[in-house]
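Q: Got a structure here, written out as C-alpha cells. Questions coming.
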Amino acid sequence: MSITDRTIRTPQADLRLSQSSGSGMPIVMIHGSGSSRAVFARQFDSPLADAHRLIAFDLPGHGESSDARDPATAYTITGLAQTTARLLDSLGIDRAIIFGWSLGGHVAIELASFHHAVTGLVLTGAPPVSRGPLGMLRGFHANWDMLLTSKKVYSERDIERFEALCFGDTASPSFREAIRRTDGRLRAGVARSMFAGKGADQKQVVEHAPFPVAVINGEHDPLVRLSYFETVAYASLWEQCHVIPDAGHAPFWERPNLFNPLLSRYAETVVKQSAATPARRSQGR
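Going by the UniProt record's numbering, the sequence shown opens with residue 1, and the numbers climb by one from there.
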C-alpha cells in the first residue's frame, strides 16, 4: 500500500490531498475546523487504506491548501460542499462514502443533498441540525467554549483551549500548528451561514437519505449533545448510534482500535448495497 499527495486546483482554492492505493470503494474524509487531513493518519495507517481508496484533503483555509479566493462565498457550508464536489469530479469519483468529522460532517451532509456520488455518509461530532439558531441549540452544547467555533482571531490561549476541546490530551504536536494556520475568516463565515439557516436542512437530508447513515461519536464529546442523535428520524440508520467509550470529539484519532473496525464494517455494508442500487443522479445546486 502506498500513499500519494497531490494538489488539485478548484475555482475557490488549491486543495492538497492524500490518497491510498487501495482499490475498494473510495472513502473521502473531511476534517473539522482548525484541523487538516493529518488528523486521519490513524486511518491511513490501518487495513482500511489497503481495502479502500482513502482520500483526505485540506479544506480551503486549512493545512496545505490555499485560502479561499472568494471567502464570502467559499467560507460557508454550501461553499465548502461545492468545493468538495469539484474535488470529487476532478478525481473522477462517481461513488464514495463520505466521512465527515465536526465541520466536515456538516459539509458532508450538504454535499449529500446535491451530489450523486455520495453513496454512504459517516458522521462524527456533527449533529444533523435543522436550519437556524434553534436547530443549532438542540444539537450542540450551549456554553462559552462554543464561541471559539465562530471567533475570527485566536489568541494563544484560544488555540490551546480549542485543541483541548477537539482532542483532549491526545493531540499530536502538529495539531496546534494546524489550528494556528487556519484562516479565521472561515470560522466566522461558517458560523454566520449556519445561524442564518443557509444551505440544506441537514436534519431532513439525513432523515431522507437513500443510503445507510452511520453515526459514530465519542462518549465524552464536549461540543455536541449525544442525546440529539437519538431524536433524528433516520430512514436508514446503520445499526445504531454508536458511541466510542472513553473518547471525546475525535474518536477516530483517540480510539482508532475501536473506530476503524466500525468504519470497515459500515463500508462493507455500503459496498454490498450499492452493488444492487443504480447510481444517483446529481441534483445540481
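Note that the Cβ used here is the ideal one computed from N, Cα and C, for glycine as well.
Specify whether the segment 83-90 and the segment 111-126 touch according to this definition: at least 3 beta carbon pairs, one from each stretch, less than 8 angstroms apart.
A: Yes, since at least three Cβ pairs between the segment 83-90 and the segment 111-126 fall closer than 8 angstroms, the two stretches touch.
Q: In chain order, which beta strand (DSSP E) runs of at least 3 residues are fully inside the segment 125-169?
A: Segments of the beta strand (DSSP E) lying fully in the segment 125-169: there are none.
Q: Tell me the rounded alpha-carbon separation between residue 73 and residue 79.
A: Straight-line Cα distance between these residues: approximately 6 angstroms.
Q: Using 8 angstroms as the threshold, is the C-beta distance between residue 197 and residue 132 below it?
A: Yes, the pair counts as a contact, with Cβ atoms nearer than the cut-off.
Q: With a threshold of 8 angstroms, are at least 3 pairs of Cβ atoms found where one atom belongs to the segment 161-176 and the other to the segment 49-59?
A: With the cut-off at 8 angstroms, the segment 161-176 and the segment 49-59 do not touch.
Q: Assuming residue 60 and residue 76 are in contact, meaning their beta carbons sit under 8 angstroms apart, how far apart are those beta carbons, in whole angstroms?
A: Not really, about 11 angstroms apart at Cβ, beyond 8 angstroms.
Q: For a test of the three-state rule: what should DSSP assign to residue 270, helix, strand or coil?
A: In the structure shown, residue 270 sits in a helix (DSSP, three-state: H, G or I).
Q: In angstroms, rounded to a whole number, what distance separates the CA positions of residue 275 and residue 65?
A: C-alpha separation (whole angstroms): 34 angstroms.
Q: For residue 96, which residues does DSSP report across the bridge?
A: Paired residue(s): 118.
Q: Let me check understanding here. Comparing Cα to Cα, which of 113, 243 and 155 lies closest to residue 206?
A: Out of 113, 243 and 155, 113 has the C-alpha closest to the C-alpha of residue 206.
Q: With three or more beta-carbon pairs closer than 8 angstroms as the criterion, would you say the segment 224-235 touches the segment 250-265?
A: No contact exists between the segment 224-235 and the segment 250-265.
Q: Cα separation between residue 155 and residue 277?
A: Going from the Cα of residue 155 to the Cα of residue 277 covers about 50 angstroms.
Q: For residue 56, name the three-state secondary structure that DSSP assigns.
A: Residue 56: strand per DSSP, three-state reduction.
Q: Cα separation between residue 4 and residue 258?
A: In a straight line, the C-alpha of residue 4 is about 26 angstroms away from that of residue 258.
Q: Count Cβ pairs between the segment 34-50 and the segment 120-131 that sit closer than 8 angstroms; are there 3 or more?
A: The segment 34-50 is not in contact with the segment 120-131.
Q: Helix, strand or coil, according to DSSP, for residue 242 in the structure here?
A: Strand at residue 242.
Q: State yes or no: is the C-beta of residue 103 within less than 8 angstroms of the C-beta of residue 39?
A: For residue 103 and residue 39, no; Cβs fall outside 8 angstroms.
Q: For residue 19, which of helix, strand or coil comes out of DSSP?
A: Residue 19: strand per DSSP, three-state reduction.
Q: Identify the continuous beta strand (DSSP E) that holds residue 213 and give its terminal residues.
A: Looking at the DSSP string, the run of the beta strand (DSSP E) that includes residue 213 is 213-218.
Q: If I measure Cβ to Cβ from residue 195 and keep anything under 6 angstroms in the same chain, skipping five residues before and after, which residues do I get?
A: Result list for residue 195: 133, in chain order.
Q: In chain order, which beta strand (DSSP E) runs of at least 3 residues are fully inside the segment 32-79?
A: List check, beta strand (DSSP E) in window: 54-57.
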